Structures are given as C-alpha cells and as structure tokens.
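Q: One structure, pasted below without further comment.
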Amino acid sequence: MRDSAAAQRLQAIREAMPATTAHTYLNTGTFGPLPRCVIEAMQERLQEEWREGRLGAEAHAALLSHYREARQRCAELFHADIEEIALTDNTGEGLNIIAFGLNWREGGEVITTNHEHISALAPLYQLRERYGIRLRIADLGERGERPAEEEIARLITPRTRLIVLSHVSFMTGARFDVSAVTALGRRHGLPVLVDGAQAAGAIAVDVQELDVDFYAFPMQKWLCGPDGTGGLYVRRTALGQVQSTYVGYYSLKHEHSGVWELQETAQRFELGGRQTAALVGQSRALRWLAEEVGHRWLQERIASLNRYAAELLSEVPGVKILTPQPGASGLLSFTFARAEPEAVVRRLAEEHNVLIRSIHERQALRLSTGFYNTEEELERVAAILRSWP
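Okay, so the sequence shown: first residue is 1 according to the UniProt record's numbering, each after it adds one.
Here it is as structure tokens:
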C-alpha cells in the first residue's frame, strides 16, 4: 500500500482491531476480529445494567430502543425497510425460521446445491425426516463455476416448494447470481431463501436489486460483530408465506384488546429477549463499518487483496486455485498437493502464527482477505508455502 493516507487509514483500522496484529488473521470467513469500539459499547451497556438495574419504564424504553437501532442498522446495510428485518442469533436461526415456516406435505421438494453449509442443509435434512420431503441437489461444479440458475432450473418439478442457496460458497468463494435465481423462482412461483453468511459485509448486498424473498446473515464474520447476533430479511410481500414456528413476547402486538395477534412485520419471527449488550455491539459494529471504515472502500480492498492472493498463490508449486473468480468475494480456496490440509493449517498456526482453515468437503485450504489485512501478510503466506519441505 503505497499511498500514505491509505496506509495511515489501514494502520488505524488495525490498531482498532488488536487481533489483526496479534496474528496473521486470514480466517474472517469463520470469525471476524472485533473492533475496540464494539467491546467498549458492550462494556458500557453491561456497566449501566450493573449500576442501574434493568427494571422500570425508562429501562424498558431504552431496551426497545437498542432493539430498534439494531434492526435499523441492518435494514440500512441491506437497503431494506426496518419492518423487513428480524433479529436472530446467527445465520442458522434465520434459515430455520423460513425452512420450518412453510406448509410442508410429504412428497414436497426443495432444490439446493452442492455448495451449501450445514447450517442450510441441517433444517432441510430435518424436514426430510419429519415430513418426507425430497431434496434435489443442483451440481454447480466442484469450484462453483456453473451458472446456478441453469442447474437449478433443470430440477424444478410441480412438487418444488422452495429454492435454497448461498450467495457466496463457503467452500470455494464462488459468487452465485442470486438475481438470476430469484427471477427463475418468480417465473415458477417459488420462494428463494439465501444463506448470506459469506456475503454480508464482504460484498455489496442490496435485497431490492436481488429481488430476494428471504436473506439470512450473521454478524460475527465479515461484519465483525459479537457472537449471538445476526438477522433475517423477509421481503414484505413474502411475509404471509411463512408461519411462525415459535412465538413469544416480541412476536406479538401486545394490544390491550386481549386478541392474540402477531406483529405485521418480520419482528413476528423474534421470540423474546436477547443479550442487550450484544445488540448494542451489533449496532456499533454496523455503525463503525458504515461511518468510519466505509463500505465501498472495504469491499474494494477485500476484492483487491483476494485477487492479489490468487496471483501470489498461483505461482506456488503444488497450489491449484479453486475459486472460479478471485475478487468476487472475500474467500480464496485452493488445494496444495504437497501436504494434507489439516497439517498445513496446524503448522501455519503453530509455527508461523498464520490463521486460515481447511475445507474438508474439497480437501482444500481457504483464506479470507479482510479489509484490515496487508499485502505483506499475503506475500508471507505464499513464501511459507513456496518453501514447504
């Protein structure tokens, strides 16, 4: 990074995220590093609760305000309306809410792909066990190089009820054309549920442009937020397609008439109270990324570093890049013929303090290029692999 202003900006970001200097931190696709302001916001909230307690009208109003701000920050990130956002603990909760919210009958079918994470597959497996539905798997190729809409289209039948796919493959970093899949779904009257775990915070996500029905996302990965926070986008016109599987205090209108009535917004999918300090941290992380780091800058940097990493690693003997289009996401996957993936991960961590992960589904290695990483870190990883015994 030759530009001095850009270098100073990056240095400030790295100083705000100590984990990025404590290690060569290349595994954001699993957990992103926490910025200092998030920890401070959470600590401040916990101190307030400790000093003042959590009872009374004022405390309740403050609590509701924190919930609303978290929803609003998520809505702004995804270009959605606040009423289309439900707060969740993680991506898997959002995926379960939709998967179990449809009216299933034996013989119904779901189309998914061979690039899905267990968080998306697990509820589908459970639906298969409970209702006898059939899973049809679209083969997008080992690398994710095949057009998702074309492969999914081949599997649609009169029994199809739902399409489930990732925006970005956790296995290879392939980025799928969600807009094309949702257009396909519209033509056949099929809702589309998207796993946004490896997209949210790494690439621009506009749910209006994607025309997606349901989009589940976490905070702890590319959005650098606390554990136990995330969200689910439910398109306003798709709200009626999903029944609440579980309900609680926040699901209800709470009108004094005594009539049992769910919220008319995505909030109907929220069960009850969450860890308020974590929600404060969620809002602070989103604010920091939007106002102090800048989404356009961080997305461009993630993509640039990803392309550079692919360029460096492609010159290492024994490396084969699996990611079909480096720079399309923040993930770069590759195989390394000279060692087993787990052995590489272990040795990099223990001997070189470099954090990446393996992908057992592809017998591959995966690194994440975060906006806080440096070109020198990527060059160091390539040099270590080049000199591998």
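Note that beta-carbon positions come from the ideal geometry of N, C-alpha and C, so glycine has one too. This one's a predicted model, so the numbers in the text were calculated from it and none came from an experiment.
Terminal residues of the continuous alpha helix (DSSP H) containing ALA382?
A: Note, ALA382: alpha helix (DSSP H), 375-386.
Q: What separation, rounded to the nearest whole angstrom, lies between the Cα atoms of VAL316 and ILE359?
A: Their backbone Cα atoms lie some 19 Å apart in a straight line.
Q: Expressed to the nearest angstrom, what Euclidean distance is found between the alpha-carbon atoms of LEU331 and LEU367?
A: So the alpha carbons of these two residues sit roughly 6 Å apart.
Q: Please report the distance separating the alpha-carbon of residue 444 from that of GLN47.
A: This structure does not reach residue 444, given that the chain is present from 1 up to 389, and the question cannot be answered.
Q: State the start and end residues of the unbroken beta strand (DSSP E) segment that holds GLU49.
A: Counting along the chain, GLU49 falls outside any beta strand (DSSP E), though it belongs to the alpha helix (DSSP H) covering 36-52.
Q: In the DSSP assignment, what residue or residues form a beta bridge with SER368?
A: For SER368, which the question treats as bridged, DSSP gives the partners LEU331.
Q: Between which two residues does the alpha helix (DSSP H) containing TYR125 stretch?
A: Here the alpha helix (DSSP H) through TYR125 covers 118-131.
Q: Tell me, please, which residues DSSP counts as bridged to GLY231.
A: Beta-bridge pairing links GLY231 to LEU87 and PHE217.
Q: Measuring CA to CA, which of ALA343, PHE269 and HIS66 is closest to VAL234?
A: Checked all of ALA343, PHE269 and HIS66; the closest Cα to VAL234 is PHE269.
Q: Using three-state DSSP, classify SER358 as helix, strand or coil.
A: Correct three-state label for SER358: strand.
Q: Where does the unbroken alpha helix (DSSP H) through LEU348 begin, and where does it stop?
A: Looking at the DSSP string, the run of the alpha helix (DSSP H) that includes LEU348 is 341-352.
Q: Which residues bound the alpha helix (DSSP H) around THR21?
A: Where THR21 is concerned, the enclosing alpha helix (DSSP H) stretches over 19-22.
Q: What does a CB cutoff of less than 6 Å around GLU342 pick up in its chain, not counting 5 residues either side in sequence?
A: Result list for GLU342: SER358, in chain order.
Q: The alpha helix (DSSP H) spanning THR276 covers which residue range?
A: 276-287 is the span of the alpha helix (DSSP H), which, as asked, contains THR276.
Q: For LEU298, does the three-state DSSP call read helix, strand or coil?
A: Three-state result, LEU298: helix.
Q: Judging by CA-CA distance, which residue of THR28, PHE336 and LEU271 is the nearest neighbour of GLY94?
A: The option with the nearest alpha carbon to GLY94 is LEU271.
Q: With C-beta atoms as the reference, is ARG307 less than 8 Å away from GLY327?
A: In contact: ARG307 and GLY327 (Cβ atoms closer than 8 Å).
Q: What does DSSP give as the partner residues of VAL319 in its beta bridges?
A: According to DSSP, VAL319 bridges with PHE336.
Q: For PHE214 versus LEU190, is the C-beta spacing smaller than 8 Å?
A: No, the Cβ-Cβ distance between PHE214 and LEU190 is not below 8 Å.
Q: For SER166, count neighbouring Cβ atoms within 10 angstroms of its own Cβ and tell me buried if that reaches 16, exposed if not.
A: Classification for SER166: buried.
Q: Using three-state DSSP, classify VAL181 as helix, strand or coil.
A: Looking at VAL181 - three-state DSSP - the assignment turns out to be helix.
Q: What are the boundary residues of the alpha helix (DSSP H) that includes ALA61?
A: That run of the alpha helix (DSSP H) goes 57-78.
Q: Let me know if ILE111 comes out buried or exposed under the rule of 16 or more other beta-carbons within 10 Å of its beta-carbon.
A: Buried, because 16 or more other Cβ atoms sit within 10 Å of the Cβ of ILE111.
Q: How is the beta strand (DSSP E) around ARG138 delimited, first residue to last?
A: Contrary to the premise, residue 138 reads as Ala rather than Arg in this sequence. ALA138 -> beta strand (DSSP E) spans 134-138.
Q: Helix, strand or coil: how does DSSP classify ALA202 here?
A: In this structure, ALA202 counts as coil in the three-state DSSP scheme.
Q: Could you have a look at ARG159 and say whether DSSP puts it in helix, strand or coil?
A: ARG159: coil per DSSP, three-state reduction.
Q: Measuring straight from C-alpha to C-alpha, what distance separates LEU77 and ASP211?
A: LEU77 and ASP211: Cα-Cα distance of roughly 15 Å.
Q: By Cβ distance below 6 Å, which residues in the same chain neighbour HIS23 in space, the five residues on each side in sequence not counted?
A: For HIS23, where only same-chain residues beyond five positions count, the Cβ hits under 6 Å are ASN353 and LEU355.
Q: Is it right to say ARG187 is buried, meaning 16 or more other beta carbons lie within 10 angstroms of its own, or is it exposed?
A: ARG187 comes out exposed.
Q: Tell me which residue opens and which closes the beta strand (DSSP E) that LEU193 is part of.
A: Unbroken beta strand (DSSP E) run through LEU193: 192-195.
Q: Going by alpha carbons, who is nearest to SER119 out of ARG130, LEU127, LEU135 and THR91?
A: Checked all of ARG130, LEU127, LEU135 and THR91; the closest Cα to SER119 is THR91.
Q: Using only CA atoms, which one of GLN282, THR30 and VAL194 lies nearest to ALA70?
A: Nearest C-alpha to ALA70: GLN282.
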